[in-house]
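>
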Amino acid sequence: MTFSSLPLTLALMQATSPSAVSLPTADPLQPGHAIAIHQLHYRKLYEEKPFPDARLVHYDNGMYRITSEGEDHWGVYVLQGAFDDQTFTVRYISLPSPDWGHRTAFHQLTFVQDSGTAGFFIQDAITDKGEAIPQQNGTYTWRLPHPPQP
1 MTFSSLPLTL
11 ALMQATSPSA
21 VSLPTADPLQ
31 PGHAIAIHQL
41 HYRKLYEEKP
51 FPDARLVHYD
61 NGMYRITSEG
71 EDHWGVYVLQ
81 GAFDDQTFTV
91 RYISLPSPDW
101 GHRTAFHQLT
111 FVQDSGTAGF
121 FIQDAITDKG
131 EAIPQQNGTY
141 TWRLPHPPQP
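Note that my numbering gives residue 114 to position 114 of the sequence shown, counting from 1, and the numbers run on in steps of one.
#1: Given this structure, state the Cα-to-Cα distance separating Thr89 from Val112, to the nearest angstrom.
#2: Would you mind stating whether Gly75 and Tyr59 have Cβ atoms separated by less than 8 Å?
#3: Looking only at its own chain, which residues have a Cβ that is under 6 Å from the Cβ of Leu79, when we skip the five neighbours before and after it?
#4: For Asp60, name the three-state secondary structure that DSSP assigns.
#5: If you follow the beta strand (DSSP E) that Lys44 is part of, which residue opens it and which one closes it?
#6: Reducing DSSP to helix, strand and coil, say where Arg143 ends up.
#7: Please list the terminal residues of the continuous beta strand (DSSP E) segment that includes Gly75.
#8: Classify Pro98 as helix, strand or coil using the three-state DSSP reduction.
#9: In the DSSP output, which residue or residues are listed as bridge partners for Leu29?
Quick look at the structure:
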């Protein structure tokens with residue numbers, strides 16, 4: 001290949017690359033079935049989101065939804081451990097929403113159970129710009145949905 005054919009080669013690569021394929025306009029993300037529901041009560045709050053109580057629903061396909069007095073957004077998660085382990089960690093990436101200025105955010109929550117359905121959590125988070133959000137913590141209860149819910 002010569003340098004003179006490089007622009008043509010790059011144009012062909014771009015035209016045949018997966019990114020050149022038109023994407024559907026409808027949102028293809030759909031939650032699976034709810035597998036765990038956590039009620040969070042924050043003791044140490046992030047000053048920009050001073051909402052002490054939140055409901056966090058985990059779905060079997062790796063999606064989650066969190067709702068509170070001032071938040072309602074979806075995202076994806078990866079679970080390290082199991083929801084009924086004494087200690088487990090969940091890493092979350094929020095999907096762009098008005099809650100985060102139409103941008104993403106990363107959260108990591110480590111849960112420690114005091115009993116089979118309650119305990120405390122520690123939350124670390126960063127914005128999509130890499131800025132650390134002050135550590136938060138609180139208590140939680142959790143349950144399995146009965147019957148499993150969509």
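Even for Gly, the Cβ is constructed at its ideal location relative to N, Cα and C.
Considering the structure as presented:
#1: Whole-angstrom Cα-Cα distance: 9 Å.
#2: Their beta carbons are not under 8 Å apart, which means Gly75 does not touch Tyr59 by this criterion.
#3: For Leu79, same chain residues with a beta-carbon under 6 Å away, outside a window of 5 residues either side, are Val90 in chain order.
#4: The DSSP-derived three-state label of Asp60 is coil.
#5: Where Lys44 is concerned, the enclosing beta strand (DSSP E) stretches over 34-44.
#6: The three-state secondary structure of Arg143, taken from DSSP, is strand.
#7: Residues 72-80.
#8: If DSSP states are grouped into helix, strand and coil, Pro98 belongs with the helices.
#9: Answer by DSSP bridge pairing: none, since Leu29 is not bridged.
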